[in-house]
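Just below is one structure, and these are the notes that go with it.
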Amino acid sequence: MNNPLDLDEAERARIQAKTARFAPPPAADADGRRDLVGLSRDELRAVLIEAGEAAFRAKQVWHWIYYQGATDFARMSSIAKPSQSRLAERFVIGRPAVATVQTSSDETRKWLFRFRDGQEAETVYIPDKYEDRGAVCISSQVGCTLSCRFCHTGTQPLVRNLGVAEIVGQFMAARDAYGEWPSPKGETPRLLSTVVLMGMGEPLYNYDNVARAMAIVMDPEGIGLSRRRITLSTSGVVPMMDRCGAELGVNLAVSLHAVRDALRDEIVPLNRKYPLRELIAACRRYPSASNARRITFEYVMLKGINDSEAEARELIRLIAGIPAKVNLIPFNPWPGSPYETSTRAAIDRFAKIVNDAGFSSPVRAPRGRDILAACGQLRTASRRGAPAA
Numbered sequence: 097m098n099n100p101l102d103l104d105e106a107e108r109a110r111i112q113a114k115t116a117r118f119a120p121p122p123a124a125d126a127d128g129r130r131d132l133v134g135l136s137r138d139e140l141r142a143v144l145i146e147a148g149e150a151a152f153r154a155k156q157v158w159h160w161i162y163y164q165g166a167t168d169f170a171r172m173s174s175i176a177k178p179s180q181s182r183l184a185e186r187f188v189i190g191r192p193a194v195a196t197v198q199t200s201s202d203e204t205r206k207w208l209f210r211f212r213d214g215q216e217a218e219t220v221y222i223p224d225k226y227e228d229r230g231a232v233c234i235s236s237q238v239g240c241t242l243s244c245r246f247c248h249t250g251t252q253p254l255v256r257n258l259g260v261a262e263i264v265g266q267f268m269a270a271r272d273a274y275g276e277w278p279s280p281k282g283e284t285p286r287l288l289s290t291v292v293l294m295g296m297g298e299p300l301y302n303y304d305n306v307a308r309a310m311a312i313v314m315d316p317e318g319i320g321l322s323r324r325r326i327t328l329s330t331s332g333v334v335p336m337m338d339r340c341g342a343e344l345g346v347n348l349a350v351s352l353h354a355v356r357d358a359l360r361d362e363i364v365p366l367n368r369k370y371p372l373r374e375l376i377a378a379c380r381r382y383p384s385a386s387n388a389r390r391i392t393f394e395y396v397m398l399k400g401i402n403d404s405e406a407e408a409r410e411l412i413r414l415i416a417g418i419p420a421k422v423n424l425i426p427f428n429p430w431p432g433s434p435y436e437t438s439t440r441a442a443i444d445r446f447a448k449i450v451n452d453a454g455f456s457s458p459v460r461a462p463r464g465r466d467i468l469a470a471c472g473q474l475r476t477a478s479r480r481g482a483p484a485a
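If you read the sequence shown in our numbering, its first letter stands for residue 97, the second for the next number, and so on.
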């Protein structure tokens, strides 16, 4: 029998070729100065050497960008002023521009970030209700290619992938807003304690840029988030799940939402390409899955669609043997949405069946609904070919 991982190599190449036309623009400002945010350590060293700086300068600049959060070379006090000036002439330390910012009645905050080409994406900070910390929900694409029926983002066609600087920049801009520089060390409490790649887009259809961005976020001499503090959510791009597990090993969340192929084909169209059998097999292969780091299955509760007791029992059968928890998500309405939220009684019955089978199944409290910042509500006016602002 063919090894599924060998077959995935060809499929991964096909995915990358297909998404290449949605590549982000070069990371440079209007004056042609190159953005240093988003470069790997080796890339940073190379461009600084090319600019006439010594190799050791890269470590200093990296520290100032990702540990101190500096956006101005003049702030880099460990670097001589002549070098500061030379760097400022050739480079920038960018952030996405804040087009709008909204704060919910429950203190959830949503930014509409505008990038250099005028395209936009949304980012959300979700504070923990009980502790002084929270998660930053980051987008990986402008729009989305998946068209999941219950998701507002899915009504916006894919415009383009976000670049490394644009992905990292969302988290850095959120840190700017909350004054969380320099980076906390070790287990020092922080408000922005977690990254969840659950915003606009399918991160595994922009894997290379997402992986490079998360490598920067996890670098211990910079932002310094542990891989245990990063969760990547996918609708089930099976070949890239294998690659993500092998190379990144971050927490995995799977947007499941249905337990039978016929229904999942309808509400998560990607299922027609990678059906449940292949998706669940990829979850079983995911290398970091353990009792300490369970896979999260996300399940949006749609009234009369996927919330029956029979479906709860089928869910248990489907994920049996996988170290997992199930997040039950009451459907968050958006303008024109065709679904209703399951009743609380139906959700509670579903949760009890799953809990009684040994799987934790918390019901996610809706956050930021009043500003359309809750799960499945993100969307922007960006479109393909939109002119720069």
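Every residue, glycine too, gets a C-beta built ideally from N, C-alpha and C.
What's the C-alpha gap between residue i and residue j?
i, j, result
"aspartate 224", "proline 462", "12 Å"
"glycine 332", "aspartate 202", "31 Å"
"alanine 441", "alanine 447", "10 Å"
"cysteine 379", "histidine 353", "15 Å"
"glutamine 252", "serine 243", "8 Å"
"proline 429", "glutamate 107", "35 Å"
"lysine 421", "lysine 177", "53 Å"
"glutamate 216", "valine 238", "7 Å"
"leucine 144", "arginine 182", "10 Å"
"valine 334", "tyrosine 370", "7 Å"
"arginine 460", "aspartate 131", "38 Å"
"arginine 186", "arginine 205", "34 Å"
"leucine 424", "glutamate 394", "6 Å"
"alanine 482", "serine 289", "Note that alanine 482 scores a pLDDT of 45, beneath 50, so its modelled location is shaky; the value from the coordinates is reported in the next line. Cα to Cα, the separation comes out at about 34 Å."
"glycine 134", "aspartate 444", "44 Å"
"tyrosine 226", "aspartate 466", "21 Å"
"arginine 229", "aspartate 304", "29 Å"
"isoleucine 111", "isoleucine 263", "20 Å"
"glutamate 276", "aspartate 315", "17 Å"
"glycine 265", "phenylalanine 152", "24 Å"
"methionine 296", "threonine 115", "16 Å"
"aspartate 125", "leucine 359", "46 Å"
"glycine 128", "alanine 273", "27 Å"
"alanine 142", "alanine 123", "16 Å"
"tyrosine 221", "asparagine 451", "29 Å"
"valine 355", "leucine 287", "36 Å"
"glutamate 105", "arginine 339", "9 Å"
Going by beta carbon distance, what residues of the same chain come within less than 7 Å of residue i, once the five residues before and after it are set aside?
i, result
"phenylalanine 118", "Leu254, Arg256 and Asn257"
"serine 384", "Gly341 and Gly345"
"alanine 184", "Phe169"
"alanine 166", "Trp160, Met172 and Ile189"
"threonine 241", "Leu254, Glu298 and Tyr301"
"arginine 308", "Ser136 and Val260"
Please list, in chain order, all residues of the same chain as residue i whose beta carbon is under 8 Å from its beta carbon, the five residues on each side excluded.
i, result
"alanine 193", "Phe209, Arg210 and Phe211"
"threonine 196", "Trp207 and Leu208"
"isoleucine 449", "Glu405, Ala408, Arg409 and Ile412"
"glutamine 156", "Met172, Ser174 and Ile175"
"glycine 318", "Trp158, His159, Ile161, Tyr162, Tyr163, Ser279 and Ile312"
"glycine 417", "Arg380"
"valine 291", "Ala231, Val232, Ile234, Phe267, Met310, Val313, Leu321, Arg325, Ile326 and Thr327"
"glutamate 146", "none"
"glutamate 149", "Ser179, Arg182 and Leu183"
"glutamate 436", "Leu398, Lys399, Gly400, Phe427 and Pro429"
"alanine 269", "Arg191, Pro192, Val194, Trp207, Phe209 and Thr219"
"glutamate 343", "Ala307"
"arginine 389", "Arg324, Asn347 and Pro419"
Between residue i and the rest of its own chain, which residues show a CB-CB distance below 6 Å, the 5 nearest in sequence each way excluded?
i, result
"arginine 45", "Missing from the structure shown is residue 45; the chain here goes from 97 to 485 and no further."
"glycine 320", "Ser279"
"leucine 372", "Asp357"
"serine 386", "Pro419"
"glutamate 374", "Val334"
"threonine 199", "Arg205"
Below 8 Å on the Cβ atoms is my guess for residue i versus residue j; work out the distance and round it to an integer in Å.
i, j, result
"leucine 366", "serine 329", "Actually they are not in contact, since the Cβ atoms of leucine 366 and serine 329 sit about 13 Å apart, beyond 8 Å."
"tyrosine 382", "methionine 337", "7 Å"
"aspartate 403", "serine 438", "4 Å"
"leucine 348", "isoleucine 391", "5 Å"
"valine 306", "serine 236", "5 Å"
Indicate, with yes or no, if the ligand NAD has a heavy atom lying under 7 Å from the CB of residue i.
i, result
"isoleucine 418", "The ligand content of the structure shown is nil, which means the ligand NAD is not present either."
### Query
Are the region 405-421 and the region 450-461 touching by the rule of at least three beta carbon pairs closer than 8 Å?
yes
### Query
Counting pairs of Cβ atoms below 8 Å between the region 294-301 and the region 136-154, do you hit three or more?
no
### Query
At which residue ranges does the region 301-339 contain complete beta strand (DSSP E) runs of 3 or more residues, listed in the order of the chain?
326-330
### Message
Give the list of continuous beta strand (DSSP E) stretches no shorter than 3 residues that lie fully inside the region 407-444.
### Response
420-426
### Query
If you scan the region 152-202 from start to end, which runs of the beta strand (DSSP E) of 3 or more residues do you find wholly inside it?
193-199
### Query
Hey, which unbroken runs of the alpha helix (DSSP H) at 4 residues or more fall wholly within the region 355-383?
357-363 and 372-381
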